[in-house]
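Engineer: Residues in the sequence shown are numbered from 21 upward in steps of one, following my numbering. I'd like to ask you about the structure that follows.
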Amino acid sequence: MDSTEKNNPVYSRTDKSKVNLKEEEWKKILSPDVYYIARQKGTERAWTSKFENFKEIGTYYCAACGNALFKSDTKF
């Protein structure tokens, strides 16, 4: 669990309910970089992600709400 999950009351990998928060609430919950990427359709700087060369098998989850995004075997 990273610091985003610990400080985020809506983060859940089991509750699949739609999260309805105002942007001001998201800004309070998420770190600035996660907010930019998850809520403003931003991107990370090229080649800076900790997952750039990550090869472990598993599932990638949304940093904002915890929903499953995709499995590692579909990562290109």
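Ideal Cβ positions, reconstructed from N, Cα and C, are used throughout, including at glycine. Remember, predicted model here, so these are calculated numbers, not experimental data.
Return the Cβ separation of A84 and A58 in integer angstroms, given the expectation that the two are a contact with Cβ distance under 8 Å.
Structural biologist: Yes, they are in contact, since the Cβ atoms of A84 and A58 sit about 4 Å apart, within 8 Å.
Engineer: In the DSSP output, which residue or residues are listed as bridge partners for T79?
Structural biologist: The partner list for T79 (beta bridge, DSSP) reads K91.
Engineer: Identify the continuous alpha helix (DSSP H) that holds V54 and give its terminal residues.
Structural biologist: Here the alpha helix (DSSP H) through V54 covers 52-59.
Engineer: From what residue to what residue does the alpha helix (DSSP H) around E45 run?
Structural biologist: Note, E45: alpha helix (DSSP H), 43-49.
Engineer: Indicate whether the contact test is met: 3 or more Cβ pairs, each with one atom in the region 47-54 and one in the region 27-34, closer than 8 Å.
Structural biologist: Yes, the region 47-54 touches the region 27-34.
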